[in-house]
Amino acid sequence: MLIKNKLILYKKMTNIFKLFFIFCSVVIYGQWVNIGLASKTVSKLSTNETLGIIYAVADEQLYKTNDFGQNWILKSINNHQIFEVCVDKVTGKVYLGTNNGIYRSDDNGENFLPINNGFPSSPIFPSIKKIIIKNDDIVIGTNAGIYKSSLDSINWTNVNNNLPLGEIKGLDWLNGNFYVALPSGIYKSTLNNNWETMSSLNVNGLAVQGNDLFLVKLGCSDFIYKSSDYGQTWSNISPNYSFCNALTVANKNNELLIGFYYGSAMSSTNNGMNWSSYNITPWTTILNFEKLNNFVLAGTEYYSHIANSGGVYYKFNSSLGLNEVNTANEKIFVYPNPSRNFVYIDNKNNEDEIIRIYNISGQLVNSFNSRDSKIMIDIRNLKEGAYIIKLEGKNGFRVQKFIKN
Numbered sequence: 293m294l295i296k297n298k299l300i301l302y303k304k305m306t307n308i309f310k311l312f313f314i315f316c317s318v319v320i321y322g323q324w325v326n327i328g329l330a331s332k333t334v335s336k337l338s339t340n341e342t343l344g345i346i347y348a349v350a351d352e353q354l355y356k357t358n359d360f361g362q363n364w365i366l367k368s369i370n371n372h373q374i375f376e377v378c379v380d381k382v383t384g385k386v387y388l389g390t391n392n393g394i395y396r397s398d399d400n401g402e403n404f405l406p407i408n409n410g411f412p413s414s415p416i417f418p419s420i421k422k423i424i425i426k427n428d429d430i431v432i433g434t435n436a437g438i439y440k441s442s443l444d445s446i447n448w449t450n451v452n453n454n455l456p457l458g459e460i461k462g463l464d465w466l467n468g469n470f471y472v473a474l475p476s477g478i479y480k481s482t483l484n485n486n487w488e489t490m491s492s493l494n495v496n497g498l499a500v501q502g503n504d505l506f507l508v509k510l511g512c513s514d515f516i517y518k519s520s521d522y523g524q525t526w527s528n529i530s531p532n533y534s535f536c537n538a539l540t541v542a543n544k545n546n547e548l549l550i551g552f553y554y555g556s557a558m559s560s561t562n563n564g565m566n567w568s569s570y571n572i573t574p575w576t577t578i579l580n581f582e583k584l585n586n587f588v589l590a591g592t593e594y595y596s597h598i599a600n601s602g603g604v605y606y607k608f609n610s611s612l613g614l615n616e617v618n619t620a621n622e623k624i625f626v627y628p629n630p631s632r633n634f635v636y637i638d639n640k641n642n643e644d645e646i647i648r649i650y651n652i653s654g655q656l657v658n659s660f661n662s663r664d665s666k667i668m669i670d671i672r673n674l675k676e677g678a679y680i681i682k683l684e685g686k687n688g689f690r691v692q693k694f695i696k697n
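To convert, count from 1 in the sequence shown and add 292; that's our numbering.
What follows is the structure in structure tokens.
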């Protein structure tokens with residue numbers, strides 16, 4: 293009798309665990325969609341929003357896609373290791389940081405030429421880890437310190453006066469000054485290419501939102517700090533969540549995003565006052581964030597012992613349902629995909645649902661209601677490219693990507 297009762301209790305606990313796992317899986321998986329480069333560590337993303345191009349540094353190589361991840365093209369640059377990619381949002385020029393200097397493309401990433409004028413004369417130029425473009429200047433973080441140049445005529449000037457050496461974890465601009473994040477702290481540029489110490493915290497990342505600075509660091513109860521006086525003083529604004537060890541922080545679409553080691557991410561839409569979970573999958577490590585018009589992109593780390601890790605993910609912004617929770621434990625199957633004339637969806641819910649179609653700029657291009665078990669969608673009037681289908685009913689919403697060719 294005792295054994296029988298234990299078996300019954302075991303079965304009940306197993307069922308409860310299964311329900312809990314399904315619930316967690318739905319919440320975590322429902323909001324993000326992988327768009328490629330799976331099983332690769334995507335350490336950096338940058339975008340040309342006008343042309344809809346995504347550039348990704350994956351396993352120290354450069355990839356690009358102009359169809360929202362349907363096809364990724366590998367671009368080799370003299371067999372160099374690639375560490376950084378940055379698109380000038382005004383001109384569309386693409387800058388690459390490599391293990392042997394910096395390169396630029398004037399034709400949307402098809403061809404790259406070195407722009408290493410001003411670096412110390414050597415067969416091996418510095419490794420470029422960070423690039424930031426602000427106004428008419430470009431500033432780069434290298435293993436030999438910080439260099440600066442005018443965008444009009446590239447000629448690098450060393451601006452390392454009294455700046456400690458160390459791995460550059462962040463580089464940003466606020467109120468006429470550049471800020472650098474090193475393991476030894478935060479430093480602000482001053483006159484005569486000098487640097488002022490603004491924090492001695494061991495920093496992993498740096499971001500600017502409005503007139504506020506944000507930094508992230510290792511730790512469980514003190515992983516994010518904020519400064520509202522240009523780095524003079526810092527306040528611990530870490531929420532009471534079980535996340536630890538922040539790796540990156542970014543401001544995308546006026547949304548503050550934090551990526552964690554083995555802890556996925558968090559989001560704040562009110563300048564760090566309140567936070568919400570921003571998970572992709574269990575044990576996901578987010579290394580960087582980017583935006584493509586109305587979408588947020590995330591580059592993640594690959595672990596051979598964790599299934600489905602690595603790659604690039606996208607998520608809707610708040611205007612398309614970013615903060616909604618997907619309670620529909622079912623994926624949309626859109627076929628044929630790609631398609632030229634019609635696509636079909638098998639709708640097993642047998643309930644009235646709203647079907648919305650968005651382009652990659654986040655614009656709504658079609659919307660209608662249906663309760664058919666097999667939904668046919670006419671896409672003949674759509675331009676070629678990538679689109680998002682969103683089905684929304686009383687039990688939640690589901691999203692999937694398709695390509696019009």
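We put the beta carbon where it would ideally sit given N, CA and C, even for glycine.
- Asn496 counts as buried, since at least 16 other C-beta atoms from the protein chains shown sit within 10 angstroms of its C-beta.
- Residue environment: Leu337 is assigned as buried (16 or more neighbouring CB atoms within 10 Å of its CB, all protein chains considered).
- Looking at the DSSP output, Ala348 bridges to Leu337 and Tyr355.
- The alpha-carbon of Asn600 is positioned some 12 Å away from that of Ile327.
- According to the DSSP secondary-structure assignment, Ile529 is paired through a beta bridge with no residue.
- DSSP lists no beta-bridge partner residue for Thr482.
- In the three-state reduction of the DSSP assignment, Glu643 falls in the coil class, being assigned neither a helical nor a strand state.
- When Cβ pairs closer than 8 Å are counted between the two stretches, the segment 535 to 546 is seen not to touch the segment 477 to 489, the count staying below three.
- In the DSSP assignment, Ser560 forms a beta bridge with Leu548.
- Contact between the segment 346 to 362 and the segment 406 to 413 is absent: fewer than 3 CB-CB pairs across the two stretches fall below 8 Å.
- A distance of 8 Å or more separates the beta carbons of Ile420 and Ile430.
- Here Tyr605 has Trp324, Asn326, Ile572 and Ala590 as same chain residues with Cβ atoms under 6 Å from its own Cβ, once five neighbours each way along the sequence are excluded.
- Only exposed fits Lys666, as fewer than 16 other CB atoms lie within 10 angstroms of its CB.
- Between Gly384 and Thr342 the beta-carbon gap is near 7 Å, inside 8 Å, which marks them as a contact.
- Shortest Cα-Cα distance from Asn633 to any of Glu643, Asn370 and Met668 involves Met668.
- The three-state reading of DSSP puts Asn403 in coil, since its state is none of H, G, I, E or B.
- In this structure, the straight-line span from the alpha carbon of Gly654 to that of Lys583 is close to 11 Å.
- With fewer than 16 neighbouring CB atoms inside 10 Å of its own CB, Arg672 falls in the exposed class.
- Counting along the chain, Val635 sits inside the beta strand (DSSP E) bounded by residues Phe634 to Asp638.
- Sequence-distant partners of Asn447 (beyond 5 residues in either direction) whose C-beta falls short of 8 Å from its own C-beta, in its chain, are Asn409, Gly410 and Ser441.
- Its chain contains Thr333, Thr577 and Leu579 as the residues whose beta carbon lies nearer than 6 Å to that of Glu593, once the 5 sequence neighbours on both sides are disregarded; these appear in chain order.
- Per DSSP, Lys426 is one residue of the beta strand (DSSP E) stretching across Ile420 to Lys426.
- Going by beta carbons, Ser476 and Gly458 fall inside the 8 Å limit.
- By the Cβ-count criterion, Gln501 is buried, with 16 or more other Cβ atoms from all chains shown falling within 10 Å of its own Cβ.
- Our two residues, Val377 and Val349, have alpha carbons roughly 7 Å apart in a direct line.
- Comparing alpha carbon positions, the residue from Gly437, Ile460, Asn697 and Tyr679 closest to Leu474 is Ile460.
- Taking 3 residues as the shortest admissible run, the segment 425 to 451 contains the following complete beta strand (DSSP E) segments, listed from N- to C-terminal end: 429 to 434 and 437 to 442.
- One alpha carbon belongs to Ser559, the other to Ile652, and they sit about 22 Å apart.
- Straight through space, the alpha carbons of Leu466 and Asp514 are spaced by roughly 23 Å.
- Within the DSSP bridge table, the entry for Ser659 names Arg648 as partners.
- Using a Cβ distance threshold of 8 Å, Phe581 and Gly551 count as a contacting pair.
- Sequence-distant Cβ neighbours of Ile365 in its own chain, meaning closer than 8 Å and more than five residues away, are Tyr355, Lys356 and Thr357.
- Between the alpha carbons of Val472 and Tyr479 lies a distance of about 5 Å.
- Ranked by Cα distance from Phe506, the first of Leu463, Cys512 and Asn545 is Leu463.
- Taken through DSSP and simplified to helix, strand or coil, Phe411 comes out as coil.
- For Ser519, the enclosing beta strand (DSSP E) has its first and last residue at Ile516 to Ser519.
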